[in-house]
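Shown next, in structure tokens, is the structure this report addresses.
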Amino acid sequence: MMTGKDVRAARVALGKMWKPGGGALTAQELVRALGLSEDHGTDHVYNMEKGKSAVSGTIEMLLRIYLAGGVPPDDVVIFKEKSR
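If you count by my numbering, then the sequence shown holds residues 727 to 810, one letter each, in order.
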């Protein structure tokens, strides 16, 4: 079962995998990747990281899939390519 530290570590690892420059994903970026509510999702991410909310089985499964190389569906835009 994932802990808050695991969620934070996943944000760092996914940022290295997905983000130009390799910085950690922001909570908002993780919210979009997980398909959480844009209104309250960041609070949920922070609460999971602090141990105030449990990491649900669905979120844990998505994080494990992403960490193994999976990516969000095409309609979930996390990073846009810069115009040249």
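A virtual CB, placed ideally from N, CA and C, is assigned to each residue, including glycine.
Bear in mind the structure is a predicted one, so any value in this text is a computation, not a measurement.
If I'm right that residue i touches residue j with Cβ under 8 Å, what's the distance once you round it to whole angstroms?
{"i": "I785", "j": "L760", "result": "6 Å"}
Output yes or no for whether 8 Å exceeds the beta carbon distance between residue i and residue j.
{"i": "V757", "j": "V733", "result": "no"}
{"i": "M743", "j": "V781", "result": "no"}
{"i": "E755", "j": "I804", "result": "yes"}
{"i": "G783", "j": "G730", "result": "no"}
Would you decide whether residue i is buried or exposed? Buried here means 16 or more other CB atoms lie within 10 Å of its CB.
{"i": "E775", "result": "buried"}
{"i": "A736", "result": "buried"}
{"i": "A794", "result": "exposed"}
Ordered list of alpha helix (DSSP H) runs contained in the stretch 742 to 794, each at least 4 residues: Whole alpha helix (DSSP H) segments, 4+ residues: 753 to 760, 767 to 776 and 783 to 793.
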